[in-house]
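Reading through the structure tokens given below for one structure.
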Amino acid sequence: QMAVVGLLGLLLASGLAPQSPPSRIRDRRAPAPLACTPIKSDDKYDYYRRSREVSVSLAKPLGTALEEVSGGGVKVVELVEGGSAMETGLVKVGDRLRSVCGTDVSGSDFDSVMGLLGDAPAEVELQLLRNVIVREEKVIPFLEIEGGNSGPAERGAVLRSAVLASQSELYRGMAKVTNCGGAGQCLSCQVEVLEGMENLSPFTDAEKRMLKKKPDNYRLACQAIVNGDVKLRVP
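For the sequence shown, position 83 matches number 83 in my numbering, and the numbering has no gaps at all.
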């Protein structure tokens, strides 16, 4: 479906049907933790795909072709000649609209975004979410384990795998045979992070649920990804 609204330029609707709500049936395994694995590497650098927020101010006509995306929100699929988006170079194909003149549209449908753009003043303030490639100097994380075997670890490795690979003791007593095998369904692999919490991936929902009575520096080793130097203790 194509639509042209005043001086806004060409806008494209996708016609995607809304998705059904997710099932409430609980999976026996916890979702995999968020990894920070590079998309490519060379001898000196790792390259990562990251999201960055960009704020722009554009005069009408914008000249942007928009498409609704699954789950809500719209993205730029084309820049039209004669529009300020192409002339200024401030908007890129693939950008997702986060807000229009201060109104959050990150979950809005195509028609709602169209309405806001149509009602916007001659100078339109947009907040965009853009995927960019960043280069970081290659770093080999060091895993320090109190009472265990410290040494280098692979960046992007699951903490549980890194501890076991070092031949340090992670499970004790009956937990050696009764642990859930890294499924995020028990507390057997809990560790106390002494330094470097910022170098681990964010807490997963499984950790938030199972560690809610533990100190803030406790993690489930099977749910954390190693992205840098970490010092820990197995309680």
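Even glycine gets a Cβ: it sits at the ideal position worked out from N, Cα and C.
Since we're looking at a predicted model, the values are computed, not measured.
Residue range of the alpha helix (DSSP H) that includes residue i
i: LEU159; result: 159 to 165
i: VAL177; result: 175 to 178
Near the ligand GDP: residue i beta-carbon under 7 Å from a heavy atom
i: ASN131; result: No copy of the ligand GDP occurs in the structure displayed, which carries no ligand at all.
DSSP three-state assignment for residue i, whether helix, strand or coil
i: PHE142; result: strand
i: SER84; result: helix
i: VAL226; result: strand
i: ARG209; result: helix
i: ALA65; result: strand
i: ASP104; result: strand
i: GLY71; result: coil
i: PRO237; result: With the chain represented from 1 up to 235, any question about residue 237 goes unanswered, as that position is not in the structure.
i: LEU8; result: Because the pLDDT of LEU8 is 40, which lies under 50, any placement of that residue in the model is unreliable, and the number read from its coordinates should be weighed accordingly. If DSSP states are grouped into helix, strand and coil, LEU8 belongs with coil.
i: LYS214; result: coil
Which listed residue (the options) has its alpha carbon closest to that of residue i
i: ARG233; options: ALA183, MET197 and ALA85; result: MET197
i: SER51; options: GLU67, GLY63 and LEU97; result: LEU97
i: SER161; options: GLY173, ALA183, MET174 and ASN131; result: ALA183
i: THR88; options: ARG155, ASP104 and ALA59; result: ALA59
i: LEU126; options: LYS44, ASN149, SER99 and LYS176; result: SER99
i: ALA153; options: SER108, TYR48, GLY102 and GLY228; result: GLY228
i: ASP104; options: CYS222, GLY83 and VAL74; result: VAL74
Limits of the beta strand (DSSP E) - the one that residue i falls within
i: THR204; result: Unbroken run through THR204: none, as it is neither H nor E.
i: LEU116; result: LEU116 -> not in any beta strand (DSSP E); alpha helix (DSSP H) instead, spanning 110 to 119.
i: LYS231; result: 230 to 233
i: ALA59; result: 45 to 59
i: TYR171; result: First-last for TYR171: undefined, no H or E at that position.
i: GLN127; result: 123 to 137
i: LEU194; result: 190 to 195
i: SER99; result: 96 to 100
i: ARG219; result: 218 to 220
i: GLU78; result: 74 to 79
Presumed contact (8 Å Cβ cut-off) between residue i and residue j, rounded CB distance
i: VAL139; j: ILE225; result: At roughly 14 Å, the Cβ-Cβ gap does not stay under 8 Å, so VAL139 and ILE225 are not in contact.
i: ALA85; j: VAL77; result: 12 Å between Cβ atoms; not a contact.
i: GLY94; j: GLY72; result: The Cβ separation is near 17 Å, so there is no contact.
i: VAL54; j: THR64; result: Wrong, their Cβ atoms sit about 14 Å apart, outside the cutoff.
i: TYR171; j: CYS189; result: 7 Å
Sub-8 Å separation of residue i and residue j beta-carbons
i: GLU207; j: LEU220; result: yes
i: LEU62; j: VAL124; result: yes
i: SER166; j: GLY151; result: yes
i: SER168; j: ILE133; result: no
i: PRO141; j: GLU192; result: no
i: GLU137; j: PHE110; result: no
i: ARG135; j: TYR47; result: yes
i: VAL230; j: LEU116; result: no
i: LEU129; j: VAL56; result: no
i: CYS101; j: ALA120; result: yes
i: ARG49; j: ASN149; result: no
C-beta neighbour in chain D for residue i, strict 8 Å
i: LEU90; result: Here chain D cannot be found, since the structure has a single protein chain.
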